[in-house]
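If you use our numbering, the sequence shown corresponds to residues 126 to 239, in order.
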Amino acid sequence: MPGLPGHSFQDRLQEQREARVALLKRAREAQLDPEEKARKLAERAERNKRKQEREAQRAAKLRAERERKAAEQAEQDRMAKIAAEARAKAAEELKKAQKARRDAKYAARKARRR
Numbered sequence: 126m127p128g129l130p131g132h133s134f135q136d137r138l139q140e141q142r143e144a145r146v147a148l149l150k151r152a153r154e155a156q157l158d159p160e161e162k163a164r165k166l167a168e169r170a171e172r173n174k175r176k177q178e179r180e181a182q183r184a185a186k187l188r189a190e191r192e193r194k195a196a197e198q199a200e201q202d203r204m205a206k207i208a209a210e211a212r213a214k215a216a217e218e219l220k221k222a223q224k225a226r227r228d229a230k231y232a233a234r235k236a237r238r239r
């Protein structure tokens, strides 16, 4: 059916060319003028700068928080070690006191027998 419009090879090529030209024309119209483009680039640079500053502040805050928690943990560990040493020393003192009482009891019993 080569007689129908739009069905021949040449008709399809012509439609493709027209579509390509229309696409290029729309793209040219959509292009920003240099001043607008420069303004948008400046805005983007400013946004990126503010974002980097916020991220740097956030990182510094997180670093300070991590350091604070590490210091607190070190203090807790130190206090736990001191408490463990105190418990061990108290247990040792208790054993010494028990041994001293036991020895005194045996010495008193031995003294009564003499």
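A virtual CB, placed ideally from N, CA and C, is assigned to each residue, including glycine.
Checking contacts by CB at 8 Å: is Glu218 closer than that to chain C?
In the structure shown, chain C does not exist; there is a single protein chain.
What three-state label does DSSP hand Arg239 in the structure shown?
Walking along the sequence shown from the start, residue 239 turns up at place 114. Reduced to three states, the DSSP call for Arg239 is coil.
Which of the three DSSP states is assigned to Gln177 in this structure?
Stepping through the sequence shown from its first residue, residue 177 is reached at position 52. Helix.
Output the distance between the C-alpha atoms of Ala170 and Ala195, rounded to the nearest integer angstrom.
As a first step, residue 170 must be located in the sequence shown, where it is residue number 45. As a first step, residue 195 must be located in the sequence shown, where it is residue number 70. Approximately 37 Å, taken between the alpha carbons.
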